[in-house]
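S.K.: Sharing a structure, written as structure tokens. Questions coming.
Number of protein chains: 2
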Amino acid sequence: MPHDFAAILKELHLKVTPRRLATLAALSTATTYVSPEEVHKRLQGEFARIGLPTVYRNLEELAAGGVITKVLHPNRQLYYYFCPNRSHHHHFVCLACRTVEDLECCGLEDLEKQVGGRVISHIVQANGLCQACLRAGREASA
Amino acid sequence: MPHDFAAILKELHLKVTPRRLATLAALSTATTYVSPEEVHKRLQGEFARIGLPTVYRNLEELAAGGVITKVLHPNRQLYYYFCPNRSHHHHFVCLACRTVEDLECCGLEDLEKQVGGRVISHIVQANGLCQACLRAGREASA
DNA sequence: ATCTCAATGGAAACCATTTTTATTTAACCT
DNA sequence: AGGTTAAATAAAAATGGTTTCCATTGAGAT
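Those protein sequence lines, which keep their order, are chains A and B. In our numbering, each residue's number is its place in the first sequence (first place is 1) plus 460. In our numbering, each residue's number is its place in the second sequence (first place is 1) plus 460.
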């Protein structure tokens with residue numbers, strides 16, 4: 461079934477704009493995690509005018525709403541990934557081909573009980589080379 | 461027992477320089493995670509000339525060697541922390557007072573077996589407010 | 001003491017990301 | 001449909017943490 465992006469946006473109390481719909485469409489059809497710059501490039505094929513700050517803002521809002529996931533790359537750039545898996549889990553990301561594999565939720569939630577205070581956010585991510593890239597001898601790239 | 465910083469540096473095949481020793485001393489006496497900028501400021505009290513790139517380089521090398529830990533702040537800046545706990549574990553960091561609590565190792569290592577490829581690195585970190593800051597009503601700060 | 005390569009300072013570059021401000025547009029209410 | 005309002009956007013510029021470059025200095029081995 462296709463995703464109802466308009467409904468998703470409404471649920472987040474975000475206005476349903478063509479740019480946001482196109483952003484979601486671009487993310488959801490990508491097979492890898494993508495950079496804001498790349499999203500911007502792709503949207504330039506659809507809109508005569510599309511500003512980079514808009515892309516950054518929308519990606520950030522969508523990530524804050526939990527619709528898309530941030531990928532923290534070792535190169536310190538931020539990437540985004542639309543993960544159809546709606547249950548709580550984390551990711552293994554390939555540093556060569558940028559594909560993403562789901563990792564079933566680890567015990568961090570239990571660990572949070574160790575914490576005396578309040579956990580606001582947590583990051584769990586594994587980086588490496590997927591099997592295909594490993595076999596092909598590809599290298600991690602920036 | 462005091463840390464033998466010179467020995468640590470030698471083990472990493474890094475030259476034992478006054479700046480590196482002072483960097484380690486600064487990190488190890490800090491009670492919180494600190495920014496490169498802050499390390500630089502502190503070293504300026506010890507050295508007439510100390511360049512910011514040197515601080516960045518040394519912190520990066522020490523982190524690569526596993527002597528200090530990177531803290532990935534939600535504000536996207538990088539901080540460093542000298543953790544005396546030498547066993548594998550992760551951290552809960554307070555976004556208000558910058559203190560760090562150890563989290564006993566979660567199951568990510570097991571999860572890595574799910575991965576078909578090779579895991580090069582992983583991040584596990586919880587962010588929030590420690591109990592003291594929670595009680596004091598302090599807020600997460602940039 | 002000398003030699004060699006790593007370490008360093010300073011200035012400049014880099015560049016992803018954010019801010020600013022004026023303009024446009026979606027949403028909501030008649 | 002038309003009017004209203006606050007959100008969304010574009011464009012340009014600024015921001016600022018981080019890195020690069022290169023000449024100089026210094027640590028460690030012989």
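Here a beta-carbon is modelled for each residue, glycine too, at the ideal position from N, C-alpha and C. Quantities reported herein were computed from a predicted structural model and do not represent experimental measurements.
According to a CB-to-CB cut-off of less than 8 Å, which residues of the stretch 513-532 of chain A neighbour chain B?
M.R.: Correct list: Leu-532.
S.K.: For B:Ser-495, go through chain A and note every residue whose CB falls closer than 8 Å to its CB, in chain order.
M.R.: Numbered from 1 along the second sequence, position 35 holds the residue referred to as residue 495 of chain B. Residues of chain A passing the Cβ test: none, with the nearest at roughly 14 Å.
S.K.: Rounded to the nearest angstrom, what separates B:Val-527 and B:Lys-470 at their Cα positions?
M.R.: Working through the second sequence from its first residue, we reach residue 527 of chain B at position 67. Working through the second sequence from its first residue, we reach residue 470 of chain B at position 10. Their Cα atoms are separated by approximately 12 Å.
S.K.: Taking only beta-carbon atoms, is A:Gly-588 less than 9 Å away from chain B?
M.R.: Here residue 588 of chain A corresponds to residue number 128 of the first sequence, with the count starting at 1. Closer than 9 Å to some Cβ of chain B, the Cβ of A:Gly-588 qualifies, so yes.
S.K.: To be precise: take each residue of the stretch 570-585 of chain A, compare its Cβ to all Cβ atoms of chain B, and keep it if any distance is under 9 Å. Which residues remain?
M.R.: Cβ contacts with chain B: Asp-570, Leu-571, Glu-572, Gln-574, Val-575, Gly-576, Gly-577, Arg-578, Val-579, Ile-580, Ser-581, His-582, Ile-583, Val-584 and Gln-585.
S.K.: Where does the unbroken alpha helix (DSSP H) through A:Phe-465 begin, and where does it stop?
M.R.: Within the first sequence, the letter at position 5 stands for residue 465 of chain A. Unbroken alpha helix (DSSP H) run through A:Phe-465: 465-471.
S.K.: Under the rule that 16 or more other beta-carbon atoms within 10 Å means buried, what is B:Gln-574, buried or exposed?
M.R.: Here residue 574 of chain B corresponds to residue number 114 of the second sequence, with the count starting at 1. B:Gln-574 should be labelled exposed.
S.K.: Can at least three beta-carbon pairs, one atom from the stretch 545-564 of chain A and one from the stretch 523-537 of chain A, be found at a separation below 8 Å?
M.R.: Yes, the stretch 545-564 of chain A is in contact with the stretch 523-537 of chain A.
S.K.: Taking the straight line between their C-alpha atoms, what separation do you get for A:Arg-595 and A:His-473?
M.R.: What you label residue 595 of chain A is simply residue 135 of the first sequence in a count that begins at 1. What you label residue 473 of chain A is simply residue 13 of the first sequence in a count that begins at 1. When rounded, the distance between both Cα atoms is 45 Å.
S.K.: Contact check, A:Val-584 vs B:Val-584 under 8 Å by CB: the rounded distance?
M.R.: Position 124 of the first sequence holds residue 584 of chain A. Position 124 of the second sequence holds residue 584 of chain B. With 8 Å as the limit, A:Val-584 and B:Val-584 qualify as a contact, their Cβ atoms being about 5 Å apart.
S.K.: Using the C-alpha atoms, what's the distance from A:Arg-502 back to A:Ala-524?
M.R.: In the first sequence, the residue the question calls residue 524 of chain A occupies position 64. In the first sequence, the residue the question calls residue 502 of chain A occupies position 42. Whole-angstrom Cα-Cα distance: 22 Å.
S.K.: Tell me the rounded alpha-carbon separation between B:Gly-588 and A:Leu-568.
M.R.: Numbered from its first residue, the second sequence carries residue 588 of chain B at position 128. Numbered from its first residue, the first sequence carries residue 568 of chain A at position 108. Near 14 Å, if we compare the C-alpha coordinates of A:Leu-568 and B:Gly-588.
S.K.: Kindly list, in the order they appear in chain B, the residues whose Cβ is closer than 9 Å to that of A:Ala-600.
M.R.: The residue labelled residue 600 of chain A in the question sits at position 140 within the first sequence. Residues of chain B passing the Cβ test: Ile-580.
S.K.: Taking only beta-carbon atoms, is A:Gly-597 less than 9 Å away from chain B?
M.R.: Counting from one through the first sequence, the residue named residue 597 of chain A turns up at place 137. Chain B contact via Cβ: absent.
S.K.: Checking the sheet assignment: what are the DSSP bridge partners for A:His-603?
M.R.: This structure does not reach residue 603 of chain A, given that chain A is present from 461 up to 602, and the question cannot be answered.
S.K.: Please list the terminal residues of the continuous alpha helix (DSSP H) segment that includes A:His-549.
M.R.: Residue 549 of chain A sits at position 89 when you count from the first residue of the first sequence. Per DSSP, A:His-549 belongs to no alpha helix (DSSP H); it is in the beta strand (DSSP E), 549-554.
S.K.: Got a sec, what are the start and stop residues for the beta strand (DSSP E) A:Tyr-449 sits in?
M.R.: Outside the shown range of chain A (461 to 602) lies residue 449 of chain A, about which nothing can therefore be said.
S.K.: Scan the stretch 545-560 of chain A for residues whose Cβ lies nearer than 7 Å to a Cβ of chain B and list them as they occur along the chain.
M.R.: Taking 7 Å as the Cβ-Cβ cut-off against chain B, the residues of the stretch 545-560 of chain A that qualify are Phe-552, Cys-554 and Leu-555.
S.K.: By how many angstroms is the C-alpha of A:Asn-535 removed from the C-alpha of A:Thr-477?
M.R.: Stepping through the first sequence from its first residue, residue 477 of chain A is reached at position 17. Stepping through the first sequence from its first residue, residue 535 of chain A is reached at position 75. The alpha-carbon atoms of A:Thr-477 and A:Asn-535 are separated by roughly 32 Å.
S.K.: To the nearest whole angstrom, what separates the beta carbons of A:Tyr-540 and A:Leu-519, a pair I think is in contact under 8 Å?
M.R.: The residue you call residue 540 of chain A lines up with position 80 of the first sequence. The residue you call residue 519 of chain A lines up with position 59 of the first sequence. Right, the Cβ-Cβ distance comes to about 5 Å (below 8 Å), so this counts as a contact.
S.K.: Can you give the beta carbon distance from A:Leu-571 to B:Glu-564, rounded, assuming they're within the 8 Å contact cut?
M.R.: On the first sequence, position 111 is the one that residue 571 of chain A refers to. On the second sequence, position 104 is the one that residue 564 of chain B refers to. Yes, they are in contact, since the Cβ atoms of A:Leu-571 and B:Glu-564 sit about 7 Å apart, within 8 Å.
S.K.: Thinking A:Cys-554 and A:Cys-590 are a contact (beta carbons under 8 Å), I'd like their distance in whole angstroms, please.
M.R.: In the first sequence, residue 554 of chain A corresponds to position 94, counting from 1. In the first sequence, residue 590 of chain A corresponds to position 130, counting from 1. With 8 Å as the limit, A:Cys-554 and A:Cys-590 qualify as a contact, their Cβ atoms being about 4 Å apart.
S.K.: Check for me: the alpha helix (DSSP H) holding B:Val-560 runs from which residue to which?
M.R.: Residue 560 of chain B sits at position 100 when you count from the first residue of the second sequence. Here B:Val-560 belongs to no alpha helix (DSSP H); instead the beta strand (DSSP E) covers 560-564.
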